[in-house]
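In case it helps, my numbering puts the sequence shown at residues 68 to 504.
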Amino acid sequence: MRIASMRRGIHPPECKETALIPIKYFYPRNGASMVYPMVQHIGAPCEPIVKVGDSVKVGQKVGDSEAYVSSPIHTTVSGTVTDIRTVITPTGKRCAAVVIENDGKYQDHPTCNQSIDYKTLPREAILAHIRECGIVGMGGAGFPTHVKLNPPPGKDIDTVIVNAAECEPYLTNDHRVMLEEPKRIIPGIEILLHLFPEARCIIAIEDNKRDAIELLRKMTDSPKITVVPMKTKYPQGAEKQLVHTCLKREIPGGGLPMDVKCIVQNVDTVISLHRAFFRGRPLMRKIMTIAGGAVRNPGNYKVRFGMSYRDIIEAIGGLLCEPYKVIIGGPMMGVSHYTLDIPVIKTSSAFLLFTEKECKVPPERDCFRCGKCVEHCPVGLMPLELDKFAVADQIERFTAFNGMDCIECGCCAYVCPAKRHLTQSISTVRRELLQNR
């Protein structure tokens, strides 16, 4: 069951003060144990392709899979493989990981730093290089980019949307990337348009980023590339909402943007494409927003995959106080964690350390059917019913009410006056069903 979506969204406090602070960069400390989980993307997990005692160099593959829907893992430091063990990832999953002791030399692997003229390559070779560089969606989902850019026959693409909405509170990493690395965005888009020569490109940016909008408009001289400001609201950056806002097209339930002739790519993914072809660099870093009342020096930081969150906090000056809650990701869709001893992976977007005053949640009360969750659901679901079915383990009714179409944006829980844990109960059932498919 589905009701008409009003597409109203919500307007939580933005808390984006870090947008004013330039990106800072630091190297992992010498001797640090860098941990590379074999699950950093949607799809088949990788298997380690190195063994304990091996010497490795920056950009060398340490994990790969024969599966098509997968993406290889590269080391971001040079050093020695010291262990292969099971670890917990920022998403809460357990998987195998390659552990490398950083020797501090940062010697590049011979496969790095080799630029490639994509215009001379066939389509299959371009997609193969994207896969070889381990590029996945940098917006948080981590879908392998070479798969997304290779829709099946019959799925004609007429529009590429570059997602630069960045609608979650606190997150400003994409905003800073647009301001500091704009010269990589347009050439990265040209790679996408080379793959889809009949398509046009829309750079979709929320209108609270006027400086980025103006800068990219100045840099865009192609009639096929347009910068489109969007109303600031949450979850404007979700694919279904983004496609509807830009094109007025409805992605069907269970469908993908390719079903309505478009491809959506995060703006930092576009920059990763530029780095892969123009600099010969695999995906090895993430621009991460680190914020919250417990952080001494909030801002955006360029972080190499494999670093532990504990080492990151020490590198940026430590904490002002013991955090009451630690969230990996944004406050609406992130995952709460109990430890800082977990590694940064490809889907890491933010690191929030909150005081008790910032994030203490009142206890749940009984639902009194006010309808606010229904009114604000951006995909037209009935969260109060889905929550009831989830709690009662009524899976058939949960799926009949389109529970699998939930995008887990958190709007329902945010507006609920009874403070029901709607998103948590719904997402728990969704993940169990997805794992059992």
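C-beta atoms are modelled at their ideal positions from N, C-alpha and C, and glycine is treated no differently.
query	result
Limits of the unbroken beta strand (DSSP E) element including ARG152	146-155
C-beta contact flag for SER182 and ARG346 at 9 Å	yes
Close-in-space but distant-in-sequence residues of the same chain around LYS124 (CB under 7 Å, 5 per side omitted)	SER145, GLN174, ASP175 and HIS176
MET400 - DSSP class collapsed to helix/strand/coil	coil
For MET374 and ASP121, the rounded distance between their alpha carbons	19 Å
Expected contact under 8 Å - CB spacing of ALA134 and ALA111 to nearest Å	3 Å
Closest residue to ILE354 among ILE77, ARG371 and GLY360 (Cα-Cα distance)	ARG371
Coarse secondary structure for ARG168, derived from DSSP in three states	Correcting the residue type first, residue 168 is Glu in the shown sequence and not Arg. The answer is strand: DSSP assigns GLU168 an E or B state.
Beta-carbon gap between ARG190 and LEU262 smaller than 9 Å	yes
Pairwise C-alpha distance: LEU216 and TYR94	32 Å
Other residues of its chain near CYS82: CB distance less than 7 Å, five sequence neighbours each side excluded	PRO236 and TYR237
C-beta contact flag for PRO104 and VAL148 at 9 Å	no
Rounded separation between GLY23 and HIS488 - CA only	Any answer about residue 23 is impossible in this case: the structure gives the chain only from 68 up to 504.
Integer Cβ distance of ALA361 from PRO390, believed to fall under 8 Å	4 Å
Residues bridged to ALA163 [DSSP beta-bridge criterion]	THR153
Rounded distance between the beta-carbons of CYS234 and ILE269, thought under 8 Å	Not really, about 16 Å apart at Cβ, beyond 8 Å.
Element boundaries [beta strand (DSSP E), containing TYR405]	Segment: none, TYR405 is in no beta strand (DSSP E) and carries neither H nor E.
Where GLY130 sits in the DSSP three-state scheme	strand
Which of helix, strand or coil DSSP assigns to MET286	helix
Classification of GLY470 by the beta-carbon crowding that lies within 10 angstroms, buried from 16 upward	buried
Cβ pair THR85, THR239 closer than 9 Å	yes
Minimum C-alpha distance to ILE292 - residue among THR299, ARG284 and LYS298	ARG284
Beta-carbon proximity list for ASP170, same chain, < 6 Å, skipping 5 on both sides	SER145 and GLY146
Proximity of LEU420 and ILE474 at Cβ, strictly below 9 Å	no
Where GLN181 sits in the DSSP three-state scheme	coil
Nearest-angstrom beta carbon gap, LEU451 and PHE468 [assumed within contact, 8 Å]	Not a contact, Cβ separation roughly 10 Å.
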